[in-house]
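Undergrad: This is the structure I want to talk about, given as structure tokens.
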Amino acid sequence: MKKTICLSLLSFVLIQSSLAQTTINRDPEIEQMVREVSADSLQSYIKQMVSFGTRNTLSSVTDPKRGIGAARNWVLNKFNAFAKQSGGRLTAYIDTVTIPADKRRVDTATLLGNAVAVLKGTDPDDKRIFLISGHLDSRRSSVMDKTGDAPGANDDGSGSAAVIECARVMSKHGFPATVIFVTVSGEEQGLLGANFMASKAKKENWNIEAMLNNDIMGSNNSSETNIIDNTRIRVFSEGLPAFETEKNAKNIRSLGLENDGKTRQLARYVKETGERYVENLEIVMVYRNDRFLRGGDHSPFVENGYAAVRITEMNENYYHQHQDIRKENGIQYGDLPEFMDFEYLRKNTVMNLSNLANLAKAPAMPEEVKVEVKNPGNYTDLNWKAPKTGKTKGYYILMRETTSAVWQKKFFTAQTAYRLPYSKDNYFFAVQAVNETGNESLPVVPGVGR
Ligand SMILES: [Zn+2]
61 MKKTICLSLL SFVLIQSSLA QTTINRDPEI EQMVREVSAD SLQSYIKQMV
111 SFGTRNTLSS VTDPKRGIGA ARNWVLNKFN AFAKQSGGRL TAYIDTVTIP
161 ADKRRVDTAT LLGNAVAVLK GTDPDDKRIF LISGHLDSRR SSVMDKTGDA
211 PGANDDGSGS AAVIECARVM SKHGFPATVI FVTVSGEEQG LLGANFMASK
261 AKKENWNIEA MLNNDIMGSN NSSETNIIDN TRIRVFSEGL PAFETEKNAK
311 NIRSLGLEND GKTRQLARYV KETGERYVEN LEIVMVYRND RFLRGGDHSP
361 FVENGYAAVR ITEMNENYYH QHQDIRKENG IQYGDLPEFM DFEYLRKNTV
411 MNLSNLANLA KAPAMPEEVK VEVKNPGNYT DLNWKAPKTG KTKGYYILMR
461 ETTSAVWQKK FFTAQTAYRL PYSKDNYFFA VQAVNETGNE SLPVVPGVGR
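To convert, take the position in the sequence shown, counting from 1, and add 60; that gives the numbering used here.
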């Protein structure tokens, strides 16, 4: 049941946290894509990836059957097969770079390659890019072991399979913005492929508005503590921005925006949108860039100023991560497909797909969002300008208490200004553009308007 309250000429919907009172409006086109995501497809991709024996970044790039070269060619072939059904909008390539030997994790100069598929946006004026990534490379107990078996079913066959499945389903549809699907290499060697891509994006001014890094997301159980849970997934997001920290620090401090950077906003968006489309999945925000003292492929992106999050299963199993395949004291070690939960992986893939599709269908973000401070008072006056691209039906003004992790109220207006009977001292606000089918842009936190 939804509760609607009229407020002078404007009306708003009170978003309730209780399950019984939640109103869910889904875009039928996204629902259709969601239904197409298949646990069987995901399983078959992982079986294929494991069949390359090892996908260590330093393994053979020329052997047609074994090693990272065979694996990335296989991904490229998948992308090219999907391209045939895309009406010429999907193009795929291997983006290569020679990584020189270093004293750490690269023993000899290596031709690294990221397998990339670009689903070009249908609106030529829309320069936005939404990126989904997983890492194709795998490792054994020793990261320098390039010959022994390293199946990497979950780390990161799971993320790579999600990328491929999203490309398969989404390439049959058109989106105003561009979506890029990538399986990078060199993650285990030190985020090499992601670094390569993020630096290139920065140098060439790619307008990446969101990057979803999927790494280890298809196993439902923990080592040691024996938890089994396929109903929750974590999304990690940085708090203080890694990029331009000095420049932003004053603004963050004076407005109390420690928890409102664009990556944190993306995490909230991922949670709300993912939970809108995936049943029996709770998206748990973790207020950290990554797991304790560990890193991932989103990091080079946040360091270059992009909003990027890490998506990882709720409970990791260290018997199956970065381990040689062996049996010890009755415990089977190794990252094997038999330890995966493909239904859990399906849900986590759908969570990605619904977010990418919702973002890429949405209008661009509203421009110049401001909170008026000319006169003191208990109202909050917000104004903004229409987004550069997209068919905007109106705007959502999001509101939450300063201590709330998620947005608590959502107001709709077709205008570009809004007065709230709530004091800016006590709440945080943001504005999203929304179109006819309910696809929202990322929220914009207002700046100070004088
Ligand atoms: Zn990984």
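Cβ atoms here follow ideal geometry from the backbone N, Cα and C, with glycine treated the same way.
(1) Between the Cα of Thr15 and those of Pro426, Gly437, Lys470, Thr497, spot the shortest distance and give me the residue it belongs to.
(2) Is Thr333 helix, strand or coil by DSSP?
(3) Please identify the residue among Arg336, Glu373, Glu332, Lys331 whose C-alpha is closest to the C-alpha of Arg351.
(4) Would you kindly report the start and end of the unbroken alpha helix (DSSP H) that includes Ala161?
(5) In terms of DSSP beta bridges, what is Ala368 paired with?
(6) Go ahead and label Ile84 buried or exposed: buried means 16 or more other beta carbons lie within 10 angstroms of its beta carbon, across all protein chains shown.
(7) Looking at the unbroken alpha helix (DSSP H) that takes in Asn415, where does it start and where does it end?
(8) For the pair the region 379-395 and the region 299-306, tell me if three or more CB-CB distances fall below 8 Å.
(9) Report the rounded CA-to-CA distance for Asp205 versus Asp197, giving the unit in angstroms.
(10) Could you please go through the chain and list the residues whose beta-carbon is closer than 5 Å to any non-hydrogen atom of ligand 1?
(11) Whole angstroms are fine: how far does the CA of Asn286 sit from the CA of Phe361?
(12) Starting from the C-beta of Gly355, find all residues in its chain whose C-beta is less than 7 Å away, skip the five residues before and the five after it, and write them out in chain order.
(13) According to the Cβ coordinates, are Gly173 and Arg132 closer than 8 Å?
(14) What does the alpha-carbon distance come out to for the pair Glu339 and Leu315?
(15) Between the beta-carbon of Met271 and the beta-carbon of Tyr366, is there less than 8 Å?
(16) Who are the Cβ neighbours of Phe235 in its own chain at under 8 Å, not counting the five residues just before and after it?
(17) Could you tell me which uninterrupted beta strand (DSSP E) segments, each at least 3 residues in length, are contained entirely in the region 272-345, listed from first to last along the chain?
(18) Go to Asn174, then tell me how far its beta strand (DSSP E) extends in each direction, as first and last residue.
(19) Check this for me: beta carbons of Val433 and Gly507, under 8 Å apart or not?
(20) Under a three-way DSSP split, which group does Leu480 fall into?
(21) For Gly129, tell me which candidate among Thr117, Lys138, Asn140 has the shortest Cα-Cα distance.
(22) For the beta strand (DSSP E) containing Lys434, list its first residue and its last residue.
(23) Please name the residue, chosen from Leu317, His358, Thr473, that lies closest to Asn274 on a Cα-to-Cα basis.
(24) I need the straight-line Cα distance from Asn389 to Glu284, nearest angstrom please.
(25) Going straight from the alpha carbon of Ala493 to that of Val429, what length do you get?
(26) Relative to the alpha-carbon of Met277, which residue among Ser220, Tyr478, Gly253, Tyr439 has its alpha-carbon at the smallest distance?
(27) In the DSSP assignment, find the unbroken beta strand (DSSP E) run with Trp444 in it and report its ends.
(28) So what does DSSP say about Gly355, is it helix, strand or coil?
(29) For Glu89, which of helix, strand or coil comes out of DSSP?
(30) Would you check if the distance between the CB atom of Phe399 and the CB atom of Leu102 is smaller than 8 Å?
(31) Any heavy atom of ligand 3 closer than 7 Å to the beta-carbon of Thr462?
(32) Thinking just about the alpha-carbon of each residue, which of Ser245, Phe472, Glu363, Lys187 is nearest to the one in Thr158?
(33) Quick one, which of Pro160, Asp215, Asn140, Lys232 has its alpha-carbon nearest Leu413's?
(34) Are Thr122 and Ala210 touching if we call contact CB-CB under 8 Å?
(35) Give me, in chain order, the residues of the same chain whose beta-carbon lies closer than 8 Å to that of Asn495; leave out the 5 immediate sequence neighbours on both sides.
(36) Does DSSP put Val362 in a helix, a strand or coil?
TA: According to the structure shown:
(1) There is simply no residue 15 to check, as the chain begins at 61 and stops at 510 in what is shown.
(2) Correct three-state label for Thr333: helix.
(3) Ranking Arg336, Glu373, Glu332, Lys331 by Cα distance to Arg351 puts Glu373 first.
(4) Run containing Ala161: none; DSSP gives neither H nor E here.
(5) According to DSSP, Ala368 bridges with Met271.
(6) Its Cβ having fewer than 16 others within 10 Å, Ile84 is exposed.
(7) Counting along the chain, the alpha helix (DSSP H) containing Asn415 begins and ends at 402-421.
(8) Because the criterion of three Cβ pairs below 8 Å is not met, the region 379-395 and the region 299-306 do not touch.
(9) Roughly 12 Å between the two C-alpha positions.
(10) Listed by chain position, these are Asp215, Asp216, Asp275.
(11) In this structure, the CA atom of Phe361 is about 34 Å from the CA atom of Asn286.
(12) Closer than 7 Å at the Cβ level, and outside the excluded window around Gly355, lie Leu251.
(13) Taking 8 Å as the Cβ cut-off, Gly173 and Arg132 qualify as a contacting pair.
(14) C-alpha separation (whole angstroms): 36 Å.
(15) Yes, the pair counts as a contact, with Cβ atoms nearer than the cut-off.
(16) Around Phe235: Leu179, Gly181, Thr182, Ala417, Ala420, Lys421.
(17) List check, beta strand (DSSP E) in window: 292-296.
(18) Run containing Asn174: 170-179, per the beta strand (DSSP E) assignment.
(19) Cβ atoms of Val433 and Gly507: not closer than 8 Å.
(20) Three-state result, Leu480: strand.
(21) Nearest C-alpha to Gly129: Thr117.
(22) DSSP places Lys434 in no beta strand (DSSP E); its state is neither H nor E.
(23) Per the Cα distances, His358.
(24) Taking the straight line joining both Cα atoms gives about 14 Å.
(25) The C-alpha of Val429 is placed about 11 Å away from the C-alpha of Ala493.
(26) Closest by alpha carbon: Ser220.
(27) For Trp444, the enclosing beta strand (DSSP E) starts and ends at 440-445.
(28) Looking at Gly355 - three-state DSSP - the assignment turns out to be coil, as it is neither helix nor strand.
(29) Three-state DSSP puts Glu89 in a helix.
(30) Going by C-beta atoms, Phe399 is not nearer than 8 Å to Leu102.
(31) Ligands present in the displayed structure are limited to ligand 1, and ligand 3 is not among them.
(32) The shortest C-alpha separation from Thr158 is found at Ser245.
(33) Taking each of Pro160, Asp215, Asn140, Lys232 in turn and checking the Cα distance to Leu413, the smallest one comes out for Lys232.
(34) It is not a contact, given that the beta carbons lie outside the stated cut-off.
(35) So the list reads Lys421, Ala422, Pro423, Gly450, Lys451, Thr452, Lys453, once near-sequence residues are dropped.
(36) Of the three classes helix, strand and coil, the one that applies to Val362 here is helix, per DSSP.
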